[in-house]
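Contents: one structure, followed by commentary.
Chains as they are written, first to last, in the working numbering: chain A, 9 to 350; chain B, -13 to 376; chain C, 59 to 346.
Here it is as structure tokens:
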């Protein structure tokens, strides 16, 4: 195990330990409001990480990822019974299955397009899904749909978790985040994952080497979409309320901002980007009514000045430090890939 | 690699966000949280509600039930997708004692859910979503305004009484529009009328052209509309511009002409609407209210200001009864439930579902005012379908 | 639906389509010539509407406000290209998307700071505020007819410039092969700046013309932006005639959709876009 991956592992451990302890901290840090805020951030981290698989590792810049997040949420709202807690296993399964099915359908249709047209056609499909939920009576239209009771996860008649308790919910989301990152990390370490990175660098060469690149890209699209559906499920459970906004291209755009902030091609970057984007937004909101000015300016500046995101900037700093210490170059262990090809 | 940094950033950012939020204040004050639209098509309405509320509190010397009132504001932008977040901010970050809001029915439903989940006192000062005093009703949720069904039903009755036979409805496609039309249809068809077609467009879109053409080709006796805020004068102007003013009668829930007559240019003249308020009521309370409002805010008041004013009255009634002790929630609730509010619109009481039981006036636009043409329905109570109130 | 109503709905469709064309033509030029994805294009439309409101209130007439607004728009476009957009040309599409995404937020807040958050109406000139009888007791507003005519006139003007002038030749060349144009010694920086300013001016003009019929309100650029991208992509990036065809198509789908199938009207537009893109991934027409 190299030093770099050891510190990587240690870093993740520290982060999760710190998050796990967070709700237990005394007020006003560990307050209900902050706990719920961090739950929200972690849910968006799951969303961002699932998009990172597409954009940062496979080179598929999708403006339609919110469709899968939103569908996961809407499955919960549509299937949850109005008069009592729903079956958590069923609802979770439905959310994941729905997101997977939709991403398979849309993915199959769009995978032949490239570059800017890919971006646009994913946008078209997410807007389609948005309008289906916004304009029809499927689920409350523009006012949104409600989940009146938090679903229950039972095993043999015994309720496993009280999701109404914000701390329990927080740890539940933390677990989901760990699971998501674990799945993605394993995926990326496998042959499948390496093939994806190869496709991102040079698809033609991969095809010449005998890879059915279309299928690999589709696989990545569906994997990312399904995990986004997990995020949507958690979102619906937290708020008890879903609106068509979570299906919109704005939401997809926010996720793109998060991963470029944190750095493309880095799972940690996706998480960091989500944290920074959401918490900064919250911070700005307490400062001024015109907080979007600050946020917009921040987005512009960070994309302009830090095109590699936080992860990239830190990697650069590290390699500069390493070069200063040892004149013979040591390569940074994790490859931070450049932005997606157009 | 950057994960230690992620950790550091997380903690710092959280600390920043946490420090920015002020801790809860001392017990001697009442914290009122306004969640109102200060942007967009309903901005003027949000401002009017706040003005009305503040006017009552100021008339009581800045205190209700002996306790000073302090305010916190959140702009809900009439956006249901941000509503849960905004309401949670008021309840959990700012720790308000009572929430007052909002205009948009979709936003209000999200507020009601948050209020119900956290047992926070909520005074709805406009949003007529039937669900709030229906399936979402709760002991801690009160409304000082109306249910979307009420003005619609009243207008339907008036239309049927005036021998209008056919109608087409036109509104924004969201809870308030749908429910207003439903109320109209109920009143209208009970009196022998027939609704030929129900047209709508997404909120807050104001591109009416294609739909007006459709209406012109259907040629109904009347068209019932529900629009409010910035969209209302646009409709009235487009209606006149399309040459429909003399051909088909335009009727609507009173929000069409409340606070919007001036913006409509001459297009509002002569329009009939129903609402629980009119601009020339003769009771003393209204005269005093209007005078004071015009003096303080240099504006003419409208129904939204009245509703804000009455929300404060209701809160005041409750607080006086429990002598300012917010912990006595049951006593507070009982006091508001049994209160008879001396409102500028005329006195009203609250139904079991906590919605005003009130007179609906028929109004006609004459010059700059909605003139009272008489009571359309007296003491109308919303049927509160789905509310499990004891 | 009788013939008169059908005709009027066609007029509505054409009018809506032409207005969208005006905005979209600017976007397709910028996109086609400079290869820049500008998500903030809808904000220019909004600027146009607010300019119409502000200048019409100041001067008392929309007709005077129009040329004034156009001058300001050209200046704004020139400045914006110089200060912000010229830095986007070398960036990849993702970064352009994100930077202009941030620009939308900034533009909305500036609007809030400078012009407030209320909804405003803009009065149309008196001589245009009547309605013409179409027959069968139906009428059509004069202003909308005038609007369509102006848009057609502008479209003709764009066509003339693109097809018959040296500038147009450079624009077409730049859309098909940027490097070649540069190597031929044409001042590409100036060309880009002019094209960008023209694109902004077109969007602003559309906003100004639409203001009396659509009202002036926060976030009004959002809906237009998305439709513009749909039009540009369906029509073919950089193609003016493609934008015209696509815009008219969208106008018809939207208008008749609203009348026949209200619930599906919104989704129909995107369905059409998806179908066309899957059939012709590069859009209906080539650039130029």
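Don't be surprised by glycine CBs; every beta carbon is placed ideally from N, CA and C.
- About 21 Å separates the CB atoms of residue 114(B) and residue 175(B); that is not less than 8 Å, and the two are not in contact.
- Residue nearest to residue 250(C) within the set 111(C), 102(C), 138(C) is 138(C) (criterion: CA-CA distance).
- Of the residues 248(C), 325(C), 344(C), 104(C), the one whose Cα lies closest to the Cα of residue 293(C) is 344(C).
- Just measuring C-alpha positions, the residue of 296(C), 85(C), 198(C), 259(C) sitting nearest residue 68(C) is 198(C).
- Residue nearest to residue 168(C) within the set 302(A), 267(A), 333(A) is 302(A) (criterion: CA-CA distance).
- Non-local beta-carbon contacts of residue 50(B) in its own chain, meaning distances under 8 Å to residues more than five positions away in sequence, involve 16, 43, 298, 301, 302, 305, 306, 310 in chain order.
- Taking residue 52(B) as reference, the option from 233(B), 225(B), 40(B), 14(B) with the minimal CA-CA separation is 14(B).
- DSSP places residue 98(B) inside the alpha helix (DSSP H), whose first and last residues are 91 to 104.
- If you check the CB distance, residue 258(C) and residue 82(C) do not come in under 7 Å.
- Nearest neighbour of residue 247(A) by Cα position, chosen from 99(B), 352(B), 354(B), 29(B), turns out to be 99(B).
- A distance below 8 Å between beta-carbons, with the five flanking residues on each side excluded, links residue 201(B) to the following residues of its chain, in chain order: 154, 156, 185, 209, 230, 234.
- Along the region 316 to 333 of chain C, the positions whose C-beta sits under 8 Å from a C-beta of chain B are 316, 317, 320, 324, read in chain order.
- Pairing residue 256(C) with residue 305(A), the inter-Cα distance amounts to about 25 Å.
- Contact annotation for residue 186(B) against chain C: 320 [CB-CB distance below 7 Å, chain order].
- Restricting attention to 233(A), 23(A), 48(A), 81(A), the CA atom closest to the CA of residue 250(A) is found in 81(A).
- Look at residue 252(A) here: in three-state DSSP terms it is helix.
- Annotated as distal: residue 151(C) and residue 274(C), with beta-carbon spacing of 7 Å or more.
- Against chain A, the CB of residue 79(C) has no partner CB under 7 Å away; the residue lies outside that interface.
- Judged by DSSP in its simplified three-state form, residue 191(B) adopts coil rather than helix or strand.
- Distances from the CA of residue 71(A) to each of 239(A), 149(A), 255(A) were compared; the closest alpha carbon is that of 255(A).
- Looking at the DSSP output, residue 361(B) shares a beta bridge with 347(B).
- Close CB contacts of residue 308(C) within its chain, under the 7 Å cut and outside five residues either way in sequence, are with 75, 78, 285, 288, 289, 327 (chain order).
- In this structure, the alpha-carbon of residue 188(B) lies about 12 Å from that of residue 217(B).
- Annotation: residue 332(B) to residue 156(A) spans about 37 Å, alpha carbon to alpha carbon.
- The alpha helix (DSSP H) runs lying completely inside the region 315 to 348 of chain B and spanning 4 residues or more are 315 to 323, given in chain order.
- One Cα belongs to residue 237(C), the other to residue 245(C), and the distance between them is close to 12 Å.
- The count of Cβ pairs closer than 8 Å, one atom from the region 103 to 122 of chain B and one from the region 80 to 88 of chain B, reaches three, so the stretches are in contact.
- One finds 152, 251, 252, 253, 254 in chain A with Cβ atoms closer than 8 Å to the Cβ of residue 67(B), taken in chain order.
- In this structure, residue 347(B) sits near residue 264(B), with a CB-CB distance shorter than 7 Å.
- At a C-beta separation below 7 Å, residue 189(B) has these neighbours in chain A: 150.
- Think of a sphere of 9 Å around the beta carbon of residue 44(A): the chain B residues whose beta carbon falls inside it are 74, 78, in chain order.
- Taking a C-beta distance under 7 Å as the contact criterion, residue 126(C) and residue 266(C) do not qualify as a contact pair.
- Note on geometry: alpha-carbon atoms of residue 310(A) and residue 51(A) lie some 23 Å from one another.
- When CB distances to chain B are screened at a threshold of 7 Å, the residues of the region 171 to 187 of chain C falling below it are 175, 176, 177, 179, 187, in chain order.
- The C-beta separation of residue 77(A) from residue 236(A) comes to about 4 Å, placing the pair in contact by the 8 Å criterion.
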